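Scroll down for the structure; my scribbles are underneath it.
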Amino acid sequence: MKRGKKYAEAAKLVDKAKKYAVNEAFDLVQKTSITKFDATVEIAFRLNIDPRKADQNLRGAMVLPHGTGKTQTVVVIARGEKAKEAEAAGADYVGDSELLQKIQGGWFDFDVMVATPDMMAELGKLGRILGPKGLMPNPKTGTVTMDITNAVHEIKNGKIEYRVDKVGNIQAAIGKVSFGTEKLVDNAKAIYQTMARLKPSTVKGVYMKNITVSSTMGPGIRLDEESLKS
1336 MKRGKKYAEA AKLVDKAKKY AVNEAFDLVQ KTSITKFDAT VEIAFRLNID
1386 PRKADQNLRG AMVLPHGTGK TQTVVVIARG EKAKEAEAAG ADYVGDSELL
1436 QKIQGGWFDF DVMVATPDMM AELGKLGRIL GPKGLMPNPK TGTVTMDITN
1486 AVHEIKNGKI EYRVDKVGNI QAAIGKVSFG TEKLVDNAKA IYQTMARLKP
1536 STVKGVYMKN ITVSSTMGPG IRLDEESLKS
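Reminder that position 212 of the sequence shown reads as 1547 in our numbering, one-by-one numbering, no gaps.
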């Protein structure tokens, strides 16, 4: 893949053979950001797991200490009192059958969908549409729930979802370049602690093979795992 001059200059600042302490790494993330906009910062974990095994197919959600810097548009599929609860909690769109028809017709102006359990039978019919887009509510990520207020508040306050891909990687946005080192470090340590806690008991040997951080279009910077533990 051919890279531009700005990327090449930024990449020169990074020693590919080195694993950086977390504070130094995020200082570098800011120095190597080459976009004109406030770039997203991502963390990627290369894990020694086999997603084909049920206990190693990691998926879930968590709230980052400082959020992601992105305002999530939330749609809630619910009826009656739960619909009213969703509106009061600050959901951007609330509805039931009519809203599902709108989505079936190609409307996707939202980032996260939350649903009450009683709506899942109707919602399941849209699985082929919502699934590939990563929008299908799931109990594992707290988006199928009766506690609509908490679900909406968590999403609005920086909740992220994570899911291992077919080769054992987990990647997630943990903020913006403008957050500065301290907030990015806090968010990185929070997700690291979650990943460490999720280590399947069946995994033998090294669990986390590699941890990398980068900004949008910026070079990857390897993290020293030990520096994330304090």
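Note that the Cβ used here is the ideal one computed from N, Cα and C, for glycine as well.
Predicted model, so just to flag it, every value in this text is computed and none were measured.
Fewer than three beta-carbon pairs drawn from the stretch 1429-1437 and the stretch 1512-1522 are found closer than 8 Å, and the two stretches are therefore not classed as touching. Looking at 1356, 1339, 1534 and 1405, the one whose alpha-carbon comes closest to that of residue 1499 is 1534. Under the Cβ criterion (8 Å, minimum of three pairs), the stretch 1549-1559 counts as touching the stretch 1367-1385. By the CB criterion at 9 Å, residue 1392 and residue 1544 fall outside the cutoff.
DSSP places residue 1428 outside any alpha helix (DSSP H); the residue lies instead in the beta strand (DSSP E), whose first and last residues are 1428-1430. DSSP places residue 1415 in the uninterrupted alpha helix (DSSP H) bounded by 1415-1424. The beta carbon of residue 1510 sits closer than 7 Å to those of 1376, 1401, 1403, 1404, 1518, 1519 and 1522, all from its chain and outside the five residues before and after it, given in chain order.
In the three-state reduction of the DSSP assignment, residue 1537 falls in the coil class. Bounds of the beta strand (DSSP E) holding residue 1375 are 1375-1382. Secondary structure remark: continuous alpha helix (DSSP H) runs of at least 4 residues inside the stretch 1462-1539, in chain order: 1462-1465, 1483-1491 and 1516-1532. Here the stretch 1469-1477 makes no contact with the stretch 1339-1355; the two share fewer than three CB pairs at distances below 8 Å.
When secondary structure is reduced to three states using DSSP, residue 1371 falls in the coil class, being assigned neither helix nor strand. In the DSSP assignment, the residues bridged to residue 1557 are 1547. Here residue 1351 is exposed: its Cβ has fewer than 16 other Cβ atoms, across all protein chains shown, within 10 Å. Going by DSSP, residue 1397 is part of the beta strand (DSSP E) stretching over 1394-1398. Membership of residue 1448 in any alpha helix (DSSP H) is not indicated; the residue belongs instead to the beta strand (DSSP E) covering 1447-1450. Around the beta carbon of residue 1397, 16 or more other beta carbons lie within 10 angstroms, which makes this residue buried. Here residue 1513 is exposed, its C-beta having fewer than 16 other C-beta atoms within 10 Å. Around the beta carbon of residue 1530, a 10 Å sphere encloses 16 or more other beta carbons of the protein chains shown; the residue is thus reported as buried.
Spatial neighbours of residue 1450 in its own chain (CB-CB distance under 6 Å, excluding positions within 5 residues in sequence) are listed in chain order as 1412, 1458, 1472 and 1479.
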